[in-house]
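There are 2 protein chains.
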Amino acid sequence: MDRALELARRGPAHGPNPRVGCVLLAGAAPDGVPGGAPDGAPARVLGEGYHRGAGTPHAEVAALADAAARGHDVRGATAVVTLEPCAHTGRTGPCAHALAEAGVAHVVHALDDPNPAAAGGAAVLRARGVRVTGGVRAAEAGELLRVWATAAGRGTPYVTLKTATSLDGRVAAADGTSRWITGPQARAHAHAVRAEVDAVAVTTGTVLADDPALTARRPDGSLAEHQPLRLVVGRRDVPGGARLRGPGGPLVHVRSHAVADLLAAAAAHEVRHLLVEGGPAFAAALLAAGAVDELHAYLAPVVLGAGPAAVGDLGVTTLAAAPRLRTARVERLGDDVLLVARRDPAPPPAAAPTEGDS
Amino acid sequence: MDRALELARRGPAHGPNPRVGCVLLAGAAPDGVPGGAPDGAPARVLGEGYHRGAGTPHAEVAALADAAARGHDVRGATAVVTLEPCAHTGRTGPCAHALAEAGVAHVVHALDDPNPAAAGGAAVLRARGVRVTGGVRAAEAGELLRVWATAAGRGTPYVTLKTATSLDGRVAAADGTSRWITGPQARAHAHAVRAEVDAVAVTTGTVLADDPALTARRPDGSLAEHQPLRLVVGRRDVPGGARLRGPGGPLVHVRSHAVADLLAAAAAHEVRHLLVEGGPAFAAALLAAGAVDELHAYLAPVVLGAGPAAVGDLGVTTLAAAPRLRTARVERLGDDVLLVARRDPAPPPAAAPTEGDS
Chain A
4 MDRALELARR GPAHGPNPRV GCVLLAGAAP DGVPGGAPDG APARVLGEGY HRGAGTPHAE
64 VAALADAAAR GHDVRGATAV VTLEPCAHTG RTGPCAHALA EAGVAHVVHA LDDPNPAAAG
124 GAAVLRARGV RVTGGVRAAE AGELLRVWAT AAGRGTPYVT LKTATSLDGR VAAADGTSRW
184 ITGPQARAHA HAVRAEVDAV AVTTGTVLAD DPALTARRPD GSLAEHQPLR LVVGRRDVPG
244 GARLRGPGGP LVHVRSHAVA DLLAAAAAHE VRHLLVEGGP AFAAALLAAG AVDELHAYLA
304 PVVLGAGPAA VGDLGVTTLA AAPRLRTARV ERLGDDVLLV ARRDPAPPPA AAPTEGDS
Chain B
4 MDRALELARR GPAHGPNPRV GCVLLAGAAP DGVPGGAPDG APARVLGEGY HRGAGTPHAE
64 VAALADAAAR GHDVRGATAV VTLEPCAHTG RTGPCAHALA EAGVAHVVHA LDDPNPAAAG
124 GAAVLRARGV RVTGGVRAAE AGELLRVWAT AAGRGTPYVT LKTATSLDGR VAAADGTSRW
184 ITGPQARAHA HAVRAEVDAV AVTTGTVLAD DPALTARRPD GSLAEHQPLR LVVGRRDVPG
244 GARLRGPGGP LVHVRSHAVA DLLAAAAAHE VRHLLVEGGP AFAAALLAAG AVDELHAYLA
304 PVVLGAGPAA VGDLGVTTLA AAPRLRTARV ERLGDDVLLV ARRDPAPPPA AAPTEGDS
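Going line by line, the protein sequences match chains A and B.
Here this note's numbering is used: the first residue of the first sequence is 4, the next is one more, and so on.
Here this note's numbering is used: the first residue of the second sequence is 4, the next is one more, and so on.
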């Protein structure tokens, strides 16, 4: 499973599909958890694969193709895969059938598929006489697939709210000067995040005030390979000369300020991970609606005392009613600090491997 | 010098005097930097000492007493000390004379004494025929003595401003509820800091609004051994029943809001390290005056959107005019984060050891 997780990480973080890795091992696993032959020697690898993004083969199919290219027979083999093989036909065929068809005897997977449209692979495999063990290293796979699994299970994007502020939450000084509150390392990090998400959203107010390009750029200023969809929320028009209309991802204008409308529009564009970068009233609406899964707070060691805030009035009047997040990670970026906080209180429990229905 | 620095750290962080350690080694150092006999063997330790706080012997005198107690003759010895031996008579006699009197042949020190009243020890020693080498491991000693050296060199306390806020700089929700924005680990850390400083200051506004005790407490709620002086700034009276008047450090009321008046009052009470905990207008005045040496920003992963701020309007209207600090340290405390930022841009340069006048 270590190798399968390693393979999975090679896939792109963005896109509608999960990052999945698969390793085909010779023979059936002795005790439900493969990783070696009965005598303790490592199992022989017949083939391996990972998913490279929508429209390309799933990890299991890639691993079967790899085994075939190597001239290996996979009949009676064990497939170790980071996510329950899918049971539906999307852009590619169902993996559960492909594995059964190839004669694989045992499938060991980490995470159960949270996507209602694709789940049921374990049942399909069992019905065809394949042994299935689920929940192996589910915590690691869950962390890798957290964003995708949250979005796929819920049908709306995983929302990350980004703020870049002084230590007192100001995005700019009183005169509006804001370039730059945070330093080059924080800005480079924020661009790297844009290159990993499916879409970036701002309000028309932010477009009119700041004219952001919302592109993912490398430190040298060039455009990253993947550019997120650019979502604008609000009723006002995006000016013809806006930088948003320049090179970068496609522009989608959602003519509403309702959180639900943004999420629905994003989901319709197959957005799994949505990064919201402003403005303050919309950030407050998202937080108040409980729609923020993750907060990226970039904090610069400066205190302004006055100036516009990153987040507007939430309608929270008492401390106990404030939406609490849990700190997941703290990262130093030059003189700045990135605090990553999440709504989920804890990582998914490391469930014991199960042989039963999952 | 490693051992001398280790000894120095045993002394108390609070108090008017610096933390200093001293080791007496047999014989003169071969090349100006001791640490071994000419054949490479470690030098024999004749005695060692450190300063335990005002009114007790200085490190050098403690080391001489230790050598005497062990029955060692220190004539011709090398004294390794973290700070230039003092040349003045305060509560104790001048160390430079004591070392020369005892027959020490060579003094190796890290930091030159920044205190105008006590400096000149190296010159006194040289005048009496003692070899003096300064600047050895000055960077480490400078870090250990940063607070004291800043205060002693300037004649006013080293000022640490503490804030405990939401990610948007709020100390409380709109209704004033503030217990607790930060969690138990952050609060315990803040109490440990109080136990290391000489004084804690708040405004009368904070006294009237929050009725703080300003004591240093252990996690079990008991009072720490050292209690900081409690300084209140502002013209209003401290109510008779205020918790500030309860068990804890002495209470000093500075009936002014002027930053200079607070600093002068603190200096008059031999305060080297002053921790300012509120309120917002006074914090802003300190920052605007450039009087904040260090900022302790405790940040909780919560966004309030509204509510009172930790720092009031600084009069900063444009970003370039904002007082910038440098991040010295970022510490995770449970779900909270402590960002320690300082005004000084860099640690003191690690000066090469000098034999000349320093």
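For glycine and all other residues, C-beta sits at the position ideal for the given N, C-alpha and C.
The model shown is predicted, which means the values in this text are computed figures rather than measured ones.
Short CB-CB distance (under 8 Å) between residue i and chain A
{"i": "Ala137/B", "result": "Sequence check: residue 137/B is Gly here, not Ala. Not one chain A Cβ lies under 8 Å of Gly137/B."}
{"i": "Pro350/B", "result": "Residue confidence is low: Pro350/B scores 41 on pLDDT, short of 50, so the model does not pin down where it sits. No coordinate-derived value is stated."}
{"i": "Val306/B", "result": "yes"}
{"i": "Arg258/B", "result": "no"}
{"i": "Ala344/B", "result": "yes"}
{"i": "Ala219/B", "result": "no"}
{"i": "Thr209/B", "result": "no"}
{"i": "Gly38/B", "result": "Any reading at Gly38/B is ruled out, since the residue's pLDDT is 47, under 50, leaving its predicted position unreliable."}
{"i": "Gly172/B", "result": "yes"}
{"i": "Arg190/B", "result": "no"}
{"i": "Arg6/B", "result": "no"}
{"i": "Arg335/B", "result": "yes"}
{"i": "Val262/B", "result": "no"}
{"i": "Gly52/B", "result": "no"}
{"i": "Ala269/B", "result": "no"}
Residue i (DSSP reduced to helix, strand or coil)
{"i": "Gly52/A", "result": "strand"}
{"i": "Arg22/B", "result": "coil"}
{"i": "His17/A", "result": "coil"}
{"i": "Gly208/A", "result": "helix"}
{"i": "Ala294/A", "result": "coil"}
{"i": "Gly38/B", "result": "Here Gly38/B scores only 47 on pLDDT, less than 50, and its place in the model is too uncertain to base an answer on."}
{"i": "Leu28/B", "result": "strand"}
{"i": "Leu232/A", "result": "strand"}
{"i": "His109/A", "result": "strand"}
{"i": "His100/B", "result": "helix"}
{"i": "Met4/B", "result": "coil"}
{"i": "Leu226/B", "result": "strand"}
{"i": "Ala189/B", "result": "helix"}
{"i": "Ala144/A", "result": "helix"}
{"i": "Ala312/B", "result": "strand"}
Interface flag, residue i vs chain B, CB-CB below 8 Å
{"i": "Ala167/A", "result": "no"}
{"i": "Gly156/A", "result": "no"}
{"i": "Val162/A", "result": "no"}
{"i": "Gly282/A", "result": "no"}
{"i": "Asp178/A", "result": "yes"}
{"i": "Thr185/A", "result": "no"}
{"i": "Val340/A", "result": "yes"}
{"i": "Asp316/A", "result": "yes"}
{"i": "Thr59/A", "result": "no"}
{"i": "Ala193/A", "result": "no"}
{"i": "Arg149/A", "result": "no"}
{"i": "Ala11/A", "result": "no"}
Span of the alpha helix (DSSP H) around residue i
{"i": "Ala82/B", "result": "Note, Ala82/B: premise wrong, no alpha helix (DSSP H); beta strand (DSSP E) at Thr81 to Leu86."}
{"i": "Val64/B", "result": "Ala62 to Ala72"}
{"i": "Val127/B", "result": "Gly124 to Ala130"}
{"i": "Leu265/B", "result": "Val262 to Ala271"}
Endpoints, beta strand (DSSP E) assigned at residue i
{"i": "Val340/B", "result": "Asp339 to Arg345"}
{"i": "His299/B", "result": "Glu297 to Ala303"}
{"i": "Glu199/A", "result": "No beta strand (DSSP E) holds Glu199/A; DSSP gives it neither H nor E."}
{"i": "Arg157/B", "result": "Run containing Arg157/B: none in the beta strand (DSSP E); it sits in the alpha helix (DSSP H), Arg149 to Arg157."}
{"i": "Ala331/A", "result": "Arg329 to Leu336"}
{"i": "Leu254/B", "result": "Leu254 to Val257"}
{"i": "Arg134/B", "result": "Arg134 to Thr136"}
Beta-carbon proximity check, residue i vs residue j, cutoff 8 Å
{"i": "Val135/A", "j": "Cys98/A", "result": "no"}
{"i": "Leu290/B", "j": "Val340/A", "result": "no"}
{"i": "Leu302/A", "j": "Leu328/A", "result": "no"}
{"i": "Ala80/A", "j": "Ala108/A", "result": "yes"}
{"i": "Gly282/A", "j": "Thr206/A", "result": "yes"}
{"i": "Cys89/A", "j": "Gly52/A", "result": "no"}
{"i": "Ala300/A", "j": "Thr166/A", "result": "yes"}
{"i": "His192/A", "j": "Pro15/A", "result": "no"}
{"i": "Val255/B", "j": "Leu234/B", "result": "yes"}
{"i": "Val174/A", "j": "Ile184/A", "result": "yes"}
Neighbour list for residue i in chain C, Cβ cutoff strictly below 7 Å
{"i": "Val205/A", "result": "No chain C appears in this structure, whose protein chains are A and B."}
Closer than 7 Å: residue i CB and nearest the ligand HEM heavy atom
{"i": "Ala62/B", "result": "Within the structure as shown, the ligand HEM is missing, as the structure has no ligands at all."}
Counterpart residues of residue i in DSSP-defined beta bridges
{"i": "His276/B", "result": "Tyr161/B"}
{"i": "Ala167/A", "result": "Tyr301/A"}
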